[in-house]
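Heads up: the structure comes next, in structure tokens.
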Amino acid sequence: MNAHQEHADSADHHPAVSVYYVVFTALLILLAATVAVAQLDLEPLNFLAAALVATAKALLIMLFFMHVRYSPPLIWLVAFSGFAWLLILFAITLADYFTR
Amino acid sequence: MITSSSPQPRNYLNVAYTVSSWLFTLDHKRIAILYLLGITFMFVIGGLAATFVRLELMTPQGDLLESETYNKLFTIHGIIMVFFFLIPAIPAVLGNFLLPLMLGARDLALPRINLLSWYLFMIGGLFTIWAILAGGVDTGWTFYTPYSSTYSNTYVMATAVGVFVSGFSSILTGLNFIVTTHTMRAPGQTWFRLPLFVWSMYATSLIQILGTPVVAVAILLVGLERLFGIGIFDPSMGGDPLLFQHLFWFYSHPAVYIMVLPAFGVVSELVATFSRRRPFGYAFIGFSSFAIAVLGFLVWGHHMFTSGQSIYAGLIFSMISFLVAIPSAIKVFNWTATLYKASISYDTPMLYALGFIGLFTIGGLTGLFLAAAAVDVHVHDTYFVVAHFHYIMVGGTVMAYLGGIHYWWPKMTGRMYPEGWARFSAILVFVGFNLTFSPQFVLGYLGMPRRYHVYPEEWQVLNVMSSAGASILAVGYFFPLTYLIWSLRYGPKAPDNPFGATGLEWKTPSPPPTYNFDEQPVVEEEVYNFVPEDTERKPREERGEVPHARA
Amino acid sequence: MPEHDGALAHQFHDYGQQRRAAELAMWVFLVTEFMFFGGLFLAYLVYRYRYPAEFALGSQTMDVVLGTINTLVLLTSSLTMALAVHAATVSNRRMLILLLWGTIFLGTVFLGIKAYEYHHKYVKHHVPFAGQEFHAEPEHRLGLATFYNLYFLMTGVHALHMIIGIGLMLVLVVAAYRGGLTGPRSIVVHNSGLYWHFVDLVWVYLFPFFYLVAARGGGHG
């Protein structure tokens, strides 16, 4: 069973409950931030700001609510491979549209 | 070890005979057999459509079929063969049957999901068959917009639903294989003790889970545009038809590797067994599968050189496309090096494997012509492209699939196939295939466009050659269908390991018991560890009826 | 042969292996969901690049207050879900049931607000498909139609995932009342939680992409 027990029962490694409240508070602050930033005229940086804040929120949700922070490397790899592949899809397709 | 002498011990086939014991089975081996029946049926349908296409092209005039009927026939051929034969063929039949056996596991990690994926495949198939019976579909297998979303009056919706549903079947199979490979390996079986078939299945699964959802979205959007007028691709509603091509080819180019990576895996097994050697450069073959899976996602725009995409994007796509040749060449060189000075035996599976290596090399090299943007502008949408991808898909995938079916047939059914007939039809397939598709390279280079049923008279000789080859090919496919069924009853009983192969699947009875192994196997040696005394092969006539198990 | 009671499937050797397989399977499934939504987000990026002015105009017809409240509701439901997973792990059945009901309630509130917003759009003739009468200035017609098409498409697919999620939660509640979600079976709650958080995560992007495209009152477009 050596291959199996490298990361015994990853799903059981849960953070303390207080961590959830801290993360939740951080998410609320980021929500307020994204609404506030949208009131400023930063064109063309408005999109970038919104995307960055959303990504920060997404990372908090993934790392803590979805326990990636406490999971073995394999789960990290799987969780972020989706992001990586979307970057490929977006980057190459937009490269066509931007240079047409 | 259990012997295969009478009375027949309990195995996965004779454990129950009722219909419900098959339709509700969770046994990966039975589900593989269900898939085998499904995709064989689909192959026959797709083959019939191809027969009509080749018959029509015997003469320059359109005298057998009308244009609309011809359009529907090549569309049916493409959709059935790509989505319902080539993509599921090796993973869903051989992969399903072999993955747990090769890993020393009792089943796949998710048996219910496995059965669900078969039902999704069949439901998708039924939708597609219904669309054909109701009147057909004429968009080509690529469903290009805005023709598919706005103008075609044929049964696009039913076909789209069929492809969409079968896509989920493909996703679930890939998911199951990834989870199984990570969590179900036998004790002692490290990644570098995995058979190369498992490596290639894993790389295939990665493409299935990362690519298929994107084509699902593309097809969903076509459907919504047809049904509700949500104009994502229709220029008259503000959409861009090229976006469909990006979404479609983001999946459908890697889908070529869904078809051919499993074939690489099969050929690696066959070359190792029949040259009685550990494959030269084991790790290189394994990692090149991953390199192909990743690079395959970066090159889809080479299908769009003439579509109006940015020339700069085309340039980049062209350059990256050349890179895919590197891992593919690594495999071909490594197989060749494995064969060098080896004690090769030319059993039927090996004939298919050798045929594969040659045909895949031709298909791959002509792919380089097409990756060069300048050449592609000349031969785009001609028979050169048709010939190229048939060399990969038929010369590659179908050859490997047939080789694999013959190789593992004794394990799957407990019976040997008739060697003489099998060799004869393997040669027939090789000859017929080349006669069918090599003239098409010339036709394409001369400028004959694909998807037309009328052509100038000077191309008739080459087209007749191609059709003649297709009829030989059809006979070559008909023979295995017949003698494999025949062998179920009359074939000699198969020993546990008829080919003297390594690998856990040969260390259990043929056919295996329901939970695959009587005891949990433990892997204590390297993979492909051919011991010297095994090098002396048993004479062929003994192999059929070995009364005792091999040591 | 290891012990095989009702909670351990035949193909596994022990609960640890079963749990690892189930968790990995859920994550791989979520990757396919990533890619599925990714195709839609690609369409969004392409058309936002093509119609910047119309996306700004369209976004100014959105109700930012309702959108913010809905984001708040969904983030809170993620908190209750995370706490429910914790309750299942420590086998606190009463707390688990309470938190699952809380999650279901918040999810339903989200869908209610969403339905109200859809209705509002319908009344104002901002629906460019299904043969509806669509009101827009001629010079912005194509871009605005694309904006609303994407809005309904993406939030619609998201709402569909919410409905599936709520259904999943109801199944969990029933199982929790029967006491079937403790011990090795708590992985079911864990995996359902992953799904719920993922759906939340998609909304985290949808909210700024449709409600907050350009500065309010800045007179863009």
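Residue numbers (our numbering), protein chains in the order written: chain R, 340 to 439; chain A, 84 to 634; chain Z, 212 to 432. Built from N, CA and C at the ideal position, the CB exists for glycine as well.
Pairing GLU234(Z) with SER232(A), the inter-Cα distance amounts to about 39 Å. Annotation for VAL407(A): ILE375, LEU378, GLY379, VAL382 place their beta carbon closer than 7 Å to its own, counting only its chain and skipping 5 residues before and after. The Cβ-Cβ distance between ALA577(A) and MET499(A) falls below 8 Å. Going by beta carbons, LEU379(Z) and TYR406(Z) fall inside the 8 Å limit.
Check the Cα spacing between SER357(R) and each of SER288(Z), PHE248(Z), ASN281(Z), ALA293(Z): the tightest is with ALA293(Z). As the crow flies, the alpha-carbon of ALA355(A) is around 27 Å from that of GLY515(A). For ASN517(A), the closest alpha carbon among the candidates GLY478(A), PRO539(A), GLY527(A) is that of GLY478(A). For VAL297(A), at least one C-beta of chain R is nearer than 8 Å to its own C-beta. If only uninterrupted beta strand (DSSP E) runs of at least 3 residues are considered, none is enclosed by the segment 329 to 378 of chain Z. Bounds of the alpha helix (DSSP H) holding VAL392(R) are 384 to 399. Ranked by Cα distance from PHE204(A), the first of ARG189(A), PRO92(A), ALA115(A), TYR227(A) is ALA115(A). Taking the C-beta atoms as reference points, ASN599(A) is found no nearer than 8 Å to LEU326(A). TRP282(A) places its beta carbon 8 Å or farther from that of GLY187(A). Beyond the five residues adjoining it in sequence on each side, HIS336(A) comes within less than 7 Å, by CB distance, of GLY379, VAL382, TRP383, HIS386 in the same chain, given in chain order. Beta-bridge annotation (DSSP): ARG572(A) is not paired with any residue. Contact between VAL262(A) and ALA236(Z) is confirmed by a C-beta separation of about 5 Å, below the 8 Å threshold. The closest CA to that of ILE122(A), considering only VAL481(A), GLN144(A), PRO596(A), is found on VAL481(A). Separation of THR373(R) and ALA232(Z) (C-alpha to C-alpha, rounded to the nearest whole angstrom) is 38 Å. With 16 or more other CB atoms across the displayed protein chains lying within 10 angstroms of its CB, THR243(Z) is buried.
Distances from the CA of PHE240(Z) to each of GLY390(Z), ALA220(Z), PHE420(Z), SER403(Z) were compared; the closest alpha carbon is that of SER403(Z). A residue is called buried once 16 or more other Cβ atoms fall within 10 Å of its Cβ, and VAL220(A) is buried on that count.
Put simply, of ILE324(Z), ALA299(Z), ARG261(Z), ALA254(Z) the residue whose alpha carbon is nearest the alpha carbon of LEU283(Z) is ILE324(Z). With distances taken between CA atoms, GLN228(Z) lies nearest to ALA269(A) out of ALA269(A), LEU545(A), PRO296(A), ARG361(A). PHE437(R) sits exposed, since fewer than 16 C-beta atoms from the chains shown fall within 10 Å of its C-beta. Looking at the backbone, the Cα of TRP105(A) and that of ARG113(A) are separated by about 7 Å.
DSSP places ARG396(Z) in the helix class (H, G or I) of the three-state scheme. By the rule that beta-carbons nearer than 8 Å mark a contact, MET246(Z) touches chain R.
Within chain Z, no residue has its beta carbon less than 8 Å from that of HIS386(A); the closest one is some 17 Å off. At least one beta carbon of chain R lies nearer than 8 Å to the beta carbon of ALA396(A). Taking all protein chains shown into account, ASP430(A) has 16 or more neighbouring C-beta atoms within 10 Å of its C-beta and is therefore buried.
With contacts defined as CB atoms closer than 8 Å, PRO594(A) and MET495(A) qualify as a contacting pair. Taking 8 Å as the threshold, the shortest C-beta distance from TYR388(Z) to chain R does not fall below it. Beta-bridge partners assigned by DSSP to PRO532(A): THR465(A). When the five nearest sequence neighbours on each side are left out, the beta carbons in the same chain lying within less than 7 Å of the beta carbon of THR228(A) are those of VAL305, PHE316, PRO324, PHE327, in order along the chain. Rounded to whole angstroms, PRO411(R) and VAL417(R) show a C-alpha spacing of 10 Å. Rounded to the nearest whole angstrom, the CA to CA distance from VAL415(A) to SER401(A) is 22 Å.
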